[in-house]
Amino acid sequence: MTYDQNNIFAKILRDEIPCAKVFENDHVLAFNDIAEKAPVHVLIIPKGAYVSFADFSQNASEDEIVALNRAIGEIARDKGIVETGYRVISNHGINARQEVPHYHVHLLGGNDLGGCFN
Ligand code: AMP
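Number 564 in my numbering belongs to position 34 of the sequence shown; there are no gaps in the numbering.
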């Protein structure tokens, strides 16, 4: 998997374009999705250069994997959506219609998300 250094999330990580940041630590950045599909729609990304879940799950360090997953849970708590429920989604590749080739997790919540993944 070849990582494209010019993808939009790489530019956000380099501060070349802005984002609405909601969380940051040594390994993780999270920001609001620009085209939110729910009242809470946060994208959680590793700071390392990973194309997708397939790349991240195989090649990231255990520290990076733990940090990303802990961040998802922390942001959900901060957003107050644990009681009411939320959805965690990551798209990998063509069949999932992944648009941005930097691994990211969608955290969605704040209302009834329906019974499908769209
Ligand atoms: P995916 O289809 O899983 O690759 O989703 C990519 C997501 O990135 C979409 O939900 C877009 O709305 C979102 N997105 C694209 N550009 C930006 C941006 N500059 N800031 C925040 N979200 C973005």
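Every residue gets a Cβ at the ideal spot worked out from N, C-alpha and C, and that includes glycine.
Backbone CA spacing between residue i and residue j [nearest angstrom]
i    : j    : result
A568 : G639 : 6 Å
I542 : A626 : 23 Å
A597 : A560 : 12 Å
M531 : Q628 : 14 Å
V612 : D545 : 31 Å
G610 : V570 : 10 Å
R607 : N641 : 15 Å
Check whether residue i and residue j have beta carbons under 8 Å apart
i    : j    : result
H632 : E594 : no
Y616 : V581 : no
Cβ separation of residue i and residue j, assumed to be a contact under 8 Å, to the nearest whole Å
i    : j    : result
L573 : H622 : Contact flag wrong, Cβ pair sits at about 15 Å.
Cβ neighbours of residue i in the same chain (closer than 7 Å, five flanking residues each side left out)
i    : result
G578 : A590 and E594
V552 : A560, F561, N562, V572 and I605
P576 : H557, V558, F586, A590, E594, L598 and Y633
A602 : Note that residue 602 is Ile in the sequence shown, not Ala. I574, V618, V635 and L637, listed in sequence order.
Contacting residues, own chain, Cβ-Cβ under 8 Å from residue i (five flanking each side not counted)
i    : result
V630 : N537, I538 and F539
A584 : M531, H622 and G623
G644 : none
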